[in-house]
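Visitor: Residue numbers (the numbering used here), protein chains in the order written: chain B, 461 to 762; chain L, 172 to 483. Heads up, the beta-carbon is just placed ideally off N, CA and C, and yes, glycines get one too. Have a look at this one before I ask anything.
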Amino acid sequence: MRQGKYPFVIGFLAVPVTLYSVFVVSPYLQAFWLSMTEWRGIGAPRWIGFANFERLFSDEVFWKAVRHHGVLLLALPLITIAIALFFAFMLNVGGGSRGGQRVGVRGSGFYRVVFFFPQVLAVAIIAVLFQMVYRPDESGLINGVLMKLGLDPIFFLINPNLALWSIIAVLVWQAVGFYVVLFSAGMASIPAEIYEAAELDGASRITMFFRVTIPLLWDTLQVAWVYLGIAAFDAFAIVAVLSVDSGGPDGATTVLAMEIYRNAFVYSKYGYASAMGVALFFLTITFAALTLRVSKRESVEY
Amino acid sequence: MGPQMTTTTTDRPAAGRGSAAGPASTSGRARFRRIRSEVRVLTGLGHVALAVWAVLVIVPILWTFLASFKNTTEIFSSPWTMPAELRWENWGRAWNEARVGRYFVNSVIVVGLGVAGTMLFGAMAAYVLARYTFIGNRFIYFLFVSGLAFPVFLALVPLFKVVENLGLLNTHTGVVLVYIAYSLPFTVFFLAAFFKTLPTSVAEAGMIDGCSHTRLFFQVMLPMARPGLISVAIFNVIGQWSQYQLPLVLLAGDEDKWVLTQGIADISVSAGYEADWAGLFAALSMAILPMIVVYAIFQRQIQSGLTAGALK
């Protein structure tokens with residue numbers, strides 16, 4: 461395998477590495493530099509050191525966005541994983557044992573197919589869909605029913621106390637099916653003998669869930685947490701399309717990605733937007749590192 | 172797993188289940204009774220929860236399809252009833268006047284070229300990185316994989332300027348190249364791991380037969396890597412089809428070039444009080460319907476393709 465190895469290697473790497481360097485690596489590097497400049501997009505960026513970050517840390521909107529990421533970071537993984545774990549358990553072992561084989565409840569296949577479907581839809585499309593579902597008058601799916609029943613409509617996206625939770629609900633709606641499938645795959649690889657042994661020892665189904673399923677699924681749960689956490693740091697498409705005034709009402713649902721977009725492409729504050737990008741980067745990295753550290757524990761071999 | 176819709180009920184006495192439930196001794200009877208009632212409560216509760224969730228997923232979509240055939244009066248006065256007639260003109264309006272047809276074609280072009288390019292270049296890079304030792308191999312590999320850790324929004328401003336400086340702003344070429352570049356980290360990461368698992372003996376036999384490196388790749392290794400390629404391709408199709416922020420930034424100036432997500436979101440955002448709600452519902456249905464068809468056909472591959480990354 462010696463002859464002509466280098467020309468071949470270089471030939472194969474040339475295009476992908478060039479594309480990647482031009483469109484991915486160089487923008488990322490430039491972003492760190494741009495965050496130290498003031499730049500309106502025309503002429504040369506002016507070096508201003510850490511001034512953008514000083515402004516950022518006293519920017520009320522920035523902290524609002526960070527707080528929303530905090531809420532998303534706790535609520536999205538907790539709710540999604542809890543629901544998905546319960547469903548996955550029902551679909552895989554909830555039906556008891558049959559012929560020595562643990563099976564899911566009736567209709568498991570159907571549920572799995574239906575639950576996963578929202579994952580295939582684009583978030584922007586889902587956001588438009590839920591704009592209709594949440595509409596504040598009788599044309600909305602939910603309020604149409606409420607008002608028919610003579611109840612007051614709920615202002616899902618207009619009430620600032622409710623808006624962020626309405627958005628989280630949509631994110632959970634989309635994500636659950638994916639994690640049901642993911643956890644199902646993990647549960648399928650847990651040997652049936654372990655459940656059998658636990659059952660013979662008189663373990664109840666609830667005990668089995670907490671003492672057998674969760675510990676043996678720990679690695680998958682950790683992956684799920686990281687994925688959902690990263691999703692919590694994005695949330696651009698859903699906020700941009702679903703919320704009132706893209707991040708409103710009055711900043712009640714805004715996220716960093718939204719503010720980066722707004723500062724860059726509406727206000728043309730490219731330097732300031734880049735500083736927000738750098739802040740977002742450090743938040744994401746800190747989260748990922750913390751999760752992997754905190755959740756690290758001896759994985760169970762089986 | 173197929174639909175396990177057999178009629179066996181789970182709360183039947185254990186002894187009646189035949190040989191599988193061996194240790195049903197008299198002392199165990201009380202325990203079995205306890206487990207049985209517990210099972211009944213839990214599965215009962217679980218069944219309700221599963222059914223409710225299925226309704227939550229299906230109803231908004233079904234409701235959208237129904238509304239796409241209604242007129243505005245019906246949408247407001249009777250959101251829960253069937254449309255009086257199938258008003259296909261709503262769909263026609265959305266396709267032509269709201270230009271969903273145009274957006275749809277654009278999406279197909281961009282995603283088609285984007286995924287083809289991603290697969291070709293991703294597979295080439297992954298193959299070389301996985302199976303050849305050379306100076307800088309580790310460095311290039313980590314350069315690609317580290318892209319998985321960076322939020323796209325960090326790069327958004329400079330990326331916009333890079334594309335603008337190359338004269339590719341508001342062009343499909345620009346979007347396709349950017350899609351390829353941003354899909355490479357996962358594609359290379361996944362396929363490199365896959366190429367590593369392929370046996371070396373076949374490659375060696377090919378080399379002895381005088382096969383060139385390039386031919387070996389295209390005629391021997393690529394066909395062997397098919398399962399992996401299909402998984403990543405599905406992952407990339409769904410990912411690129413769903414893209415919203417990149418086209419929003421890179422195609423903002425030319426409405427004729429917009430992709431479907433962007434176009435539909437724009438119709439919805441700019442819809443005022445005089446909006447054509449039926450048309451919007453029809454547009455939304457048009458975006459959802461093909462995904463239902465594709466999902467119905469490739470359901471299993473899509474599920475394994477999308478979860479493949481997480482299971483690595």
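(1) Below 8 angstroms, can you find three or more Cβ-Cβ pairs linking the segment 318 to 337 of chain L to the segment 396 to 405 of chain L?
(2) Let's test the definition: count the other Cβ atoms within 10 Å of the Cβ of L:L389 and tell me whether it reaches 16, buried, or not, exposed.
(3) Check whether the Cβ of B:I720 lies closer than 7 angstroms to any Cβ atom in chain L.
(4) I need the straight-line Cα distance from L:A363 to L:I351, nearest angstrom please.
(5) Based on the DSSP output, what are the partners of B:T497 in its beta bridges?
(6) For B:I586, report the span of its alpha helix (DSSP H) as first-last.
(7) Run through DSSP, which three-state label would B:S518 get?
(8) Output the distance between the C-alpha atoms of B:M529 and B:A692, rounded to the nearest integer angstrom.
(9) Which value, in whole angstroms, describes the spacing of the CA atoms of L:K367 and L:L300?
(10) Can the beta-carbon of B:Y712 be found closer than 7 angstroms to that of B:P613?
(11) Could you give the C-beta distance for L:T358 and L:N407, rounded to a whole number, given that I count them as a contact under 8 angstroms?
(12) Do B:Y639 and B:A544 have their C-beta atoms within less than 7 angstroms of each other?
(13) Does the distance from the C-beta atom of B:V583 to that of L:V228 stay below 7 angstroms?
(14) For B:V632, which of B:L532, B:A663, B:V482 has the nearest alpha-carbon?
(15) Closer than 8 angstroms between beta carbons: that is the criterion. Which residues of the segment 743 to 758 of chain B meet it against chain L?
(16) Name the residue from B:V701, B:L676, B:T714, B:D519 whose alpha carbon lies nearest to the alpha carbon of B:A735.
(17) Evaluate L:F292 with the Cβ neighbour count: other Cβ atoms within 10 Å of its Cβ, from every protein chain shown; 16 or more gives buried, anything less gives exposed.
(18) Relative to the ligand COA, is the shortest distance from any of its heavy atoms to the C-beta of L:L431 smaller than 6 angstroms?
(19) Quick one, are the C-beta atoms of L:G450 and L:R264 less than 7 angstroms apart?
(20) Quick one: what does DSSP say L:L340 is sitting in, helix, strand or coil?
(21) The segment 486 to 501 of chain B: which residues have C-beta closer than 7 angstroms to a C-beta of chain L, in chain order?
(22) Count the other CB atoms within 10 Å of the CB of L:N267; is the residue buried (16 or more) or exposed (fewer)?
(23) Quick one: does B:E520 have its CB under 7 angstroms from some CB of chain L?
(24) Listed in chain order, which residues of the segment 399 to 418 of chain L have Cβ atoms closer than 8 angstroms to some Cβ of chain B?
(25) Checking contacts by CB at 7 angstroms: is B:Q591 closer than that to chain L?
(26) Measure the C-alpha to C-alpha separation of L:S278 and L:A436 and round it to an integer number of angstroms.
(27) Quick one: grab the DSSP three-state call for L:K332.
(28) Taking the beta carbon of B:P476 as the centre, do at least 16 other beta carbons fall within 10 Å, making it buried, or is it exposed?
(29) When DSSP labels each residue in this structure, what does L:F324 get in the three-state scheme?
(30) What's the gap between the Cα of L:H343 and the Cα of B:L752?
(31) By alpha-carbon positions, which one of L:S456, L:S441, L:P418, L:G307 ends up nearest to L:V430?
Guide: According to the data block:
(1) When C-beta atoms of the segment 318 to 337 of chain L are compared with those of the segment 396 to 405 of chain L, fewer than three pairs fall below 8 angstroms, so the two segments do not count as touching.
(2) Checking the sequence, you will find Phe at residue 389 of chain L rather than Leu. Its Cβ having fewer than 16 others within 10 Å, L:F389 is exposed.
(3) Chain L, which has a Cβ nearer than 7 angstroms to the Cβ of B:I720, makes this yes.
(4) Each residue's Cα considered, the two are about 17 angstroms apart.
(5) In the DSSP assignment, the residues bridged to B:T497 are B:W507.
(6) Where B:I586 is concerned, the enclosing alpha helix (DSSP H) stretches over 583 to 593.
(7) In this structure, DSSP gives B:S518 a state outside helix and strand, which the three-state scheme calls coil.
(8) Note that residue 529 of chain B corresponds to His in the displayed sequence, not to Met. Using only the alpha carbons, I get a separation of about 6 angstroms.
(9) If you draw a straight line from the Cα of L:K367 to the Cα of L:L300, it is about 9 angstroms long.
(10) In the sequence as presented, Tyr is not what sits at residue 712 of chain B; that position holds Ala. Contact: no.
(11) L:T358 to L:N407, Cβ: 7 angstroms. Contact.
(12) Yes, they are a contact pair.
(13) Contact flag unset, no.
(14) It is B:L532 whose Cα lies nearest to the Cα of B:V632.
(15) Within the segment 743 to 758 of chain B, the residues whose Cβ lies closer than 8 angstroms to some Cβ of chain L are T744, I745, A748, listed in chain order.
(16) Nearest option by C-alpha distance: B:D519.
(17) By the Cβ neighbour-count rule, L:F292 is buried, with 16 or more other Cβ atoms within 10 Å of its own.
(18) This structure lacks the ligand COA; in fact it carries no ligand of any kind.
(19) In this structure, L:G450 sits near L:R264, with a CB-CB distance shorter than 7 angstroms.
(20) If DSSP states are grouped into helix, strand and coil, L:L340 belongs with coil.
(21) Cβ contacts with chain L: S486, P487, Y488, Q490, A491, L494.
(22) With fewer than 16 other Cβ atoms within 10 Å, it is exposed.
(23) Chain L has no Cβ within less than 7 angstroms of the Cβ of B:E520.
(24) Hits within the stretch, in order: I409, W412, S413, Q414, Y415, Q416.
(25) With a threshold of 7 angstroms between beta carbons, B:Q591 makes contact with chain L.
(26) Rounded to the nearest angstrom, the two C-alpha atoms are 14 angstroms apart.
(27) Three-state DSSP puts L:K332 in a helix.
(28) Burial call: buried.
(29) In the structure shown, L:F324 sits in a helix (DSSP, three-state: H, G or I).
(30) If I take the Cα positions, the gap works out to 39 angstroms.
(31) When each option's Cα is compared against that of L:V430, the closest is L:P418.
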